[in-house]
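Structure, as structure tokens:
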Amino acid sequence: MQADDRLLARAKAGDASACRALVQRHQKRVFAQLRGLLRPSGREAWVEDLAQETFLRAFRGLHRFEGDVDRALGAWLVTIATRVGLNELRRKAPRLQALDTIEETLSTGRADPSMHGRLIGRGIDEAVRELPPAYRAAFLLRELHGFEYAEIARVLEIDLGTVKSRLSRARSRLREALARTRTTMEDYHGP
Amino acid sequence: MDHEERGEVELTSAERDVLWAWAQHEIPSDFAQRMAQLAVSPSRARPRWRTAGWTTGALAAAAAIVVTVWLARESSPRAREPVVAAVTDAPPDLARLREDVRMLLAEHCVPCHDGDSGGAETAALAVFEVTDVAWAGRLSDARLETTRERLLGMGLDESDEVRVERFMTRELTWRTGGAG
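Chains A and B are the protein sequences, given in the same order.
Residues in the first sequence are numbered from 4 upward in steps of one, following our numbering.
Residues in the second sequence are numbered from 688 upward in steps of one, following our numbering.
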């Protein structure tokens, strides 16, 4: 039995250190999926709680999981996180976070070193926010986690053709946002 | 080339890097440790965002359960049997089987039997709660049999059906004083 198989077997048996190792291995992608889903709706504050819910659900069903500890388990966890995140988005009305102060910073000329990153973040927020939750999830599953189209359609129970067209639009929006950020930075600093 | 056409093209690795950086979230250093603790004792899991309403909710739920159980006892000649065994009294192999079946219940009997979910039903919680590690000891033999039938009617995997049957046999044997 390989080391990863042993790790999974120990986690299934309720070994705390093995469970911890699995969480450490996959927590970044779970958090990323949840943040990507929730942040554009102003619910970034829920990310940690929903990540906890994701792992708890996973541990409850871990005895039934079969597959490798890396790709398959990671995909499974991201799928659970997606469903948990979508449930959250369905449950409550969106509450947008206060807008940041990028425009103020630009107008006063006090640009801080992280302004570029903030501008990009803002642009991606806007691009992703335009997507209905299910397609936002599809976009993140594809672009962050490398899911196949058919896998996305199955996980989200949406039409494959619609997935492709929505992702196409989301990519366009993302590129527009990145282009706008470049233009803004060049206007400020010069090309 | 218009934007829609460009959108057909997959993101470049640089664009994906930007997206990945955007999605990064600060993870508390003790997150994995906390999750591991919850994994081995899931009844301790209480998402923070629910905590505020939990005290009030728990009191209300407890009162509702007491009333429901009391009414059931008063109205039914087959009054609910007393708790037959605390979880700590069970031998290790039975405790493991109980936990296996509790995981199945947690998977198939939510939200009605999950006090943490918004969809829990008071009457269902009065029978058992999936977050209660001592769940089996609170069920009468008759209730256990009903639970078994309902679980087996849910299209479990063969291995899970075997688990349920092994648990039932071991539990009932132990209750009647058998070593198993």
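All residues carry an ideal CB built from backbone N, CA and C; glycine is no exception.
Within the same chain, Cβ atoms closer than 7 Å to the Cβ of arginine 176(A) are found at Ala130 and Glu133, the five residues on either side in sequence being excluded. With respect to the 7 Å criterion, leucine 41(A) and valine 87(A) are not classified as neighbours on the basis of their beta carbons. The beta carbon of histidine 795(B) sits no closer than 7 Å to any beta carbon of chain A. If you check each beta-carbon in the segment 712-727 of chain B against every beta-carbon of chain A, the ones closer than 9 Å belong to His712, Glu713, Ile714, Pro715, Phe718, Ala719, Gln720, Arg721, Met722, Ala723, Gln724, Leu725, Ala726 and Val727. Sequence-distant Cβ neighbours of proline 136(A) in its own chain, meaning closer than 6 Å and more than five residues away, are Leu89 and Leu92.
At a beta-carbon threshold of 9 Å, none of the residues of chain A lie near alanine 829(B); the nearest stands roughly 27 Å away. Methionine 841(B) does not reach chain A, its nearest Cβ partner there being about 13 Å away, counting only Cβ pairs nearer than 9 Å. The closest CA to that of aspartate 828(B), considering only Ile752(B), Val696(B), Ala710(B) and Glu858(B), is found on Glu858(B). At a cut-off of 7 Å between C-beta atoms, tryptophan 822(B) does not count as an interface residue with respect to chain A. Proximity of the segment 7-23 of chain A to the segment 37-51 of chain A falls short of the contact definition, fewer than three beta-carbon pairs being nearer than 8 Å. Burial state of valine 50(A) is buried, judged by a 10 Å Cβ sphere holding 16 or more other Cβ atoms. Pairing lysine 167(A) with alanine 708(B), the inter-Cα distance amounts to about 24 Å. As the crow flies, the alpha-carbon of lysine 31(A) is around 50 Å from that of threonine 863(B). In the structure shown, alanine 21(A) falls within a helical segment according to DSSP collapsed to helix, strand and coil.
The count of Cβ pairs closer than 8 Å, one atom from the segment 72-82 of chain A and one from the segment 143-154 of chain A, reaches three, so the stretches are in contact.
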